[in-house]
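Protein chains in written order, with the working numbering: chain A, 1 to 707; chain B, 1001 to 1707.
Protein chains: 2
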Amino acid sequence: MGKMQRQISKIVGLTILMFGIACIGYAQTLKEVMQERSLSEKDMLAAAKTYTPTGMKDEYIVFSSGGQSGQLIVYGVPSMRILKYVAVFTPEPWQGYGYGESESMEVLEQGKINGRSITWGDTHHPALSETNGDYDGRWVFINDKANPRVALIDLKTFETKQIVVNPVFKSEHGSSVVTPNTEYVMEAAQYPAPFSNNYVPLEQYNELYRGGVTYWKFNKESILSLTRKGMKSLKKQGVDTGKLKGFEDQNFKGKDEFLNAVAAKIGKDAVNEHQADLMKYAEKEGRLDPEQSFTVEMPPYMQDITDAGKGPSFGWSFTNSINSERYVGGFGKGNTAFKDRLANEAGMSAKDTDYMHIVNWLEAEKLFKAGKFTKINGHAVITMKDMVAANAMFLLPEPKSPHGNDVTPDGKYIVVAGKLDTHASVFSFEKIMNLVKNKDFAGTDPYGLPILDMQKAMHTQVQLGLGPLHTQFDSVKGVAYTSLYVDSMVARWNYLEGKLLEKIPINYNIGHLVSAEGDTVDPDGKYLVALNKLAIDRFQQVGPLHPQNHQLIDITSGRKMQLLYDMALPLGEPHYAQMIKADKLNPITRYNKQSFSNYVRPGQEKIERNGNKVTIHSTAIRSHYSPEIIEVKKGDEITWHVTNVERAQDQVHGFGIDNYNVHGSLEPGETATFHFVADKEGVFPYYCTEFCSALHLEMTGYLLVKP
Amino acid sequence: MGKMQRQISKIVGLTILMFGIACIGYAQTLKEVMQERSLSEKDMLAAAKTYTPTGMKDEYIVFSSGGQSGQLIVYGVPSMRILKYVAVFTPEPWQGYGYGESESMEVLEQGKINGRSITWGDTHHPALSETNGDYDGRWVFINDKANPRVALIDLKTFETKQIVVNPVFKSEHGSSVVTPNTEYVMEAAQYPAPFSNNYVPLEQYNELYRGGVTYWKFNKESILSLTRKGMKSLKKQGVDTGKLKGFEDQNFKGKDEFLNAVAAKIGKDAVNEHQADLMKYAEKEGRLDPEQSFTVEMPPYMQDITDAGKGPSFGWSFTNSINSERYVGGFGKGNTAFKDRLANEAGMSAKDTDYMHIVNWLEAEKLFKAGKFTKINGHAVITMKDMVAANAMFLLPEPKSPHGNDVTPDGKYIVVAGKLDTHASVFSFEKIMNLVKNKDFAGTDPYGLPILDMQKAMHTQVQLGLGPLHTQFDSVKGVAYTSLYVDSMVARWNYLEGKLLEKIPINYNIGHLVSAEGDTVDPDGKYLVALNKLAIDRFQQVGPLHPQNHQLIDITSGRKMQLLYDMALPLGEPHYAQMIKADKLNPITRYNKQSFSNYVRPGQEKIERNGNKVTIHSTAIRSHYSPEIIEVKKGDEITWHVTNVERAQDQVHGFGIDNYNVHGSLEPGETATFHFVADKEGVFPYYCTEFCSALHLEMTGYLLVKP
């Protein structure tokens, strides 16, 4: 029993004594409950640190990948309650995502690969948008490892707004990662493949298979619209805003289109005069811009985790790799028996070091803008040769089969953990730059990339334990936390002084870990979550497929780390997460009806027919749809706009049409549009699928399809 | 401040004082944490009752509907941690459900309606299987309100094994509910429609639209297979079990097929002699049997919640209804304007009473077995006329727009809550039977159904509050809990004595509620969960679509009810739930490899070609697939068996093929089979999607598709 434990024991021992004396009567005592549930003193401290009574809000919000569920998980810290699964790559009916609501259908359509609908994803690394290296709470990006894609989720609505498909990769992993002002969202390949979509035999792996990193340009002002506030401000300044009538309902693509459209109404001079105001009050939506995005070609090493430089290392990115051995296909081809060759896992781990790819993305951007790229599948690829010629890409050996690759908050160091090495290696960006500046290279790889000397770039190495993977940072300068997969522990250590401080066991086999604001220039410390890969015996058994276990750890400085809470993850295997201060988020609670061109008020409902095209403008309000009877003919093409005219928070209506595989979720103020063909004759009830009032069951209607 | 509050305050006041004195040093004290997080004394008691430290298991497991997610939610009590979302009606990639794994594809295929794939559901009421009126922990059933279907989940694996489509309903609601020995699973219609699939105008609503209740026959011994234990036992008794070689790998449909197959090998006499043993040790899987299922036709009232009689009321079922007004379509038809007529909600609530349908299902079963039914869409429908002639169906008026309809644990009473009435009405089964026996009818409805006198059947009525909905039962005889939707409260009351005992506020707008083992003949009391419809301000905002809020309440007898915990539900709006003692569940942690005919051991992997058909027998083990290279031609039909040869608990491998929309989850010992056509040329990595070891990223291979 350590000193701390003894003290806790003493304190709580007294407490229990007090409870013992005081507990005569009606009420239960803490002591009784603790005894009944076999809770220790330490447990009660952990309970006090995590228990969140009704109405109390969480201090931090975690955005966690949903793994093979294809979704994004949102949960609160310290309560560890899951607040939302956000539908991203996988259709999800509760949110009306992919079940007929046109906005979501369009987003999912963007995710098609070579014409094939891909209805799942393997989400790995969420990345919160940043301004000056700090989370700004506006967007979150997440990647799909299985089908190389990146999605954009708008944190005003917590809805997925865009999916981009990587035009040259067949697989990816080190994504999503943002640069310090969300200039770019980075996506690193994983399993090398030809950039083309053609068959290329594995014999040509070295020559024609490639890896790379795609830099997706993010434009925070992709879609603009005039707001009432903007209108008012213009009017106040004497602009004849009458001319801008209807402008609030329109979205414009980009700043230029927006300002030109306004100028066409009120004149160029007026726009020039009021441009600052116009832009200040404009409603802005960000989008990834494939036209302004490019890929840096890399050797067929398996690129892996990527991080962006910041501060002194701004403009650079760091991508490690496994299998620089370029080992392929242990067994199987031509039915080769199991025992004849090495399996991939062994062949890929033969060498003692692999490579970090060090890329100057500012330089790559210049090459792109100068037109120094090849178009492959319509997408700009900057060759290794051009990158080398521009002094913009280097390789740095990293100890054995590296995984974690994390830039320190001050941007001065990169911490690499080799999963088959027991050390964390801390590389100095300054030392790297000196080697680069002096062209002090240890050689080149088979693709002509200059290789830096590992030892010359190293700040320090610290032995942490077995299977070190990822690193997160503390508010205390120099203090870091590294996950130890094989040891099932988290190491607290100092990367400046090269000193191991403390280890805490977790349950079990930790992959990533996340600290509060841990990827920013200014981490908060306080909380750390261990994203464990195995739960085994931690929870009541629910069949052979177990939940995951995220464990909350108190990392307040000056105290030993304390395990606070075991959280079960019931759907998907999260890979990585980011934790943001809750008060940085500012989501809407209702939609501005002006966002929807098909918004109708009660009393304005109508059914329009034009040949076999039927357009329904309907409303939903507690507790009826209007209209409640729709008669169409078999074969009619239906466009059904449903407006939830509620304004009250959380007053959602669902919209399900029986047996037609149509379902939508209508949040307050939202107009959703459903397109489908009435291809089956019969009687089809539709109803509200959200229990919205005492007369919710009566909120129903009939779609009648005549033969 | 009540007496209890004062006492708690006194006790914890002393505690805090003690903490204040004791807290000088390194460790944090409970008092400090309480102050920092503004936790009250009452909060700490609640924390102690719910906080579940690492490794501690939950006492109860809740099976909750997943609402419009189409899934089933499993969570623990008192920790309120969600342990699993079980994929039921909606494809879900993490579980490999609907992404190529053939077993799941077949289950989802069963859920097609008139040839249309329905890829979501609106799950409402889970029903745990029962033996002698008590949960037996073997299966759980759940319905789909939107697309009238019932699913069966096997609690050995927590996987969905069967979906049946209602052949005559277009909508349902009061389902799933089981009879006391799971003889039948009941499914009540909701929105009336023609039993045929044809268009029938609403003008013929009264004549041709119908409701009803389907009684799905459940056979606990639908699929049998010989076990090793059974083999051993036979051998011990001198049977020549050598003749039964290979039998362990086979599944037989039904007891007869099983015993006959064994008899064909070891002789009829031997089977007769050892039948008891054979059946005792046989592995059994239950299935719903559509051939032995039937529907009881009912008037076009909107049938609603259904419950099964038990004890003295065994053999009867009770189904209430709304809209006995038969009001249809307030507005909309022919573009009628909003203001012209009543909306459905008003028209459907005009009368002061609606009807409970009282059905003698044992009698209905006799009619079915005697062939007294009409076949509609290939399904047996027993007409109202035949039910009336057999004295097997009656109507009982219930106060205004009833919703809850709950049989007491002793089977003697039925508690009905009318959502537009402030009372709970307690009907006496004995009184009902007296009226039935004496043919003491108050009249008949337009369909010839005898109507009983409400007052004569009534035991008592208790005024509970606004918007009473559902009732659950306590371990204390006579004590019940009823949800009050409009009041946002739970009422504790005594249905025998007709007395309101206590009310507790919840947050907000409670629908169903569930007590521990609350639907059995022997409820446990202790815990109650309020399934609230609105969360509003309880959690950190996550966009306009809020999580749901399930609140855990301590209902230990002898104490006031205490709100313990607010649980966020992140996906779907649960409608109902059942809570079972955790130790009644006995799920497997790994598969018996003998369940899979395509199981292969390491070293036995092979690729077989037969024209354009390619069959791959592969294995997955930490950290490689074998084979790792598969070359096929464009257009080849692939059958890919993947066996996870791991035996360790929780050692799952995923199997994802990039860009082919194929994903499976391979639990220890499982062989999964994927069928697809290699319709795209190119290079497609496949890899393990579950982080399974330190060399997990290296667990990969290439599917090469030649042109």
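Here a beta-carbon is modelled for each residue, glycine too, at the ideal position from N, C-alpha and C.
- Interface criterion not met: the Cβ of residue 404(A) is under 8 Å from no Cβ in chain B.
- Listed by position along chain B, the residues whose Cβ is nearer than 7 Å to that of residue 419(A) are 1694.
- Distance from residue 1086(B) to residue 1072(B) at the Cβ level is roughly 4 Å; contact confirmed, criterion being Cβ atoms closer than 8 Å.
- Contact note: residue 1587(B) reaches chain A through 541, 542, 543 and 544, using a C-beta cutoff of 8 Å and chain order.
- Think of a sphere of 8 Å around the beta carbon of residue 486(A): the chain B residues whose beta carbon falls inside it are 1694, in chain order.
- Residues of the stretch 38-52 of chain A whose Cβ lies closer than 9 Å to any Cβ of chain B, in chain order: 38, 39, 40, 41, 42, 43, 44, 45, 46, 47, 48, 49, 50, 51 and 52.
- Residue 1146(B) and residue 682(A) have their C-alpha atoms spaced approximately 15 Å apart.
- DSSP, reduced to helix, strand and coil, places residue 1316(B) within a strand of the structure shown.
- The C-alpha of residue 1373(B) lies about 21 Å from the C-alpha of residue 1395(B).
- 649, 650, 652, 654, 656, 658, 659, 661, 663, 665, 667 and 668: these are the residues of the stretch 648-668 of chain A whose beta carbon lies less than 7 Å from some beta carbon of chain B, given in chain order.
- Nearest in C-alpha terms to residue 216(A), of all of 540(A), 142(A) and 208(A), is 142(A).
- The residue among 1252(B), 1308(B) and 1462(B) with its C-alpha nearest the C-alpha of residue 1501(B) is 1462(B).
- At a cut-off of 8 Å between beta carbons, residue 69(A) contacts chain B.
- Its Cα nearest to that of residue 678(A), the residue 662(A) stands out among 662(A), 669(A) and 41(A).
- At a cut-off of 8 Å between beta carbons, residue 1413(B) makes no contact with chain A.
- With at least 16 other beta carbons inside 10 angstroms of its own, residue 194(A) counts as buried.
- Residues of the same chain with a CB within less than 6 Å of the CB of residue 1283(B), apart from the 5 flanking positions on each side, are 1225 and 1227 in chain order.
- In this chain, residue 1301(B) is not harboured by any alpha helix (DSSP H), its DSSP state being neither H nor E.
- Of all residues in the stretch 131-149 of chain A, only 145, 146, 147 and 148 come within less than 9 Å of chain B when Cβ atoms are compared, listed by chain position.
- Interface with chain A (8 Å Cβ-Cβ cutoff): residue 1200(B) is included.
- Residue-level contact check: residue 188(A) does not touch chain B, since none of the beta carbons of chain B fall below 8 Å from its beta carbon.
- Taking 8 Å as the cut-off, the beta carbon of residue 1060(B) is found no closer than this to the beta carbon of residue 1568(B).
- Contact check for residue 1399(B) against residue 1353(B) passes: the beta carbons are separated by less than 8 Å.
- Ranked by Cα distance from residue 1358(B), the first of 1557(B), 1388(B), 1259(B) and 1371(B) is 1388(B).
- With a contact defined as Cβ atoms closer than 8 Å, residue 1533(B) and residue 1509(B) qualify at about 4 Å.
- Counting only the Cα atoms, residue 707(A) lies some 25 Å from residue 605(A).
- Excluding residues up to 5 positions away in sequence, 1192, 1300, 1326 and 1328 lie with their Cβ nearer than 8 Å to the Cβ of residue 1205(B) in the same chain.
- Sequence-distant partners of residue 1602(B) (beyond 5 residues in either direction) whose C-beta falls short of 7 Å from its own C-beta, in its chain, are 1619, 1621, 1626 and 1645.
- Residue 699(A) belongs to the set of residues whose beta carbon lies under 8 Å from a beta carbon in chain B.
- If you compare the alpha carbons of 687(A), 236(A), 78(A) and 154(A) with that of residue 128(A), the shortest gap goes to 154(A).
- Proximity of chain A to residue 1326(B) at the Cβ level (cut-off 8 Å) is not reached, the minimal Cβ distance being about 13 Å.
- At least one CB atom of chain B sits nearer than 8 Å to the CB of residue 691(A).
- With a threshold of 16 other beta carbon atoms within 10 Å, residue 1675(B) falls short and is exposed.
- Among the residues of chain A, those whose CB is under 7 Å from the CB of residue 1567(B) are 81, following chain order.
- Beta-bridge partners assigned by DSSP to residue 1383(B): none are found.
- Under the 8 Å criterion on CB atoms, residue 676(A) is classed as non-interfacial with respect to chain B.
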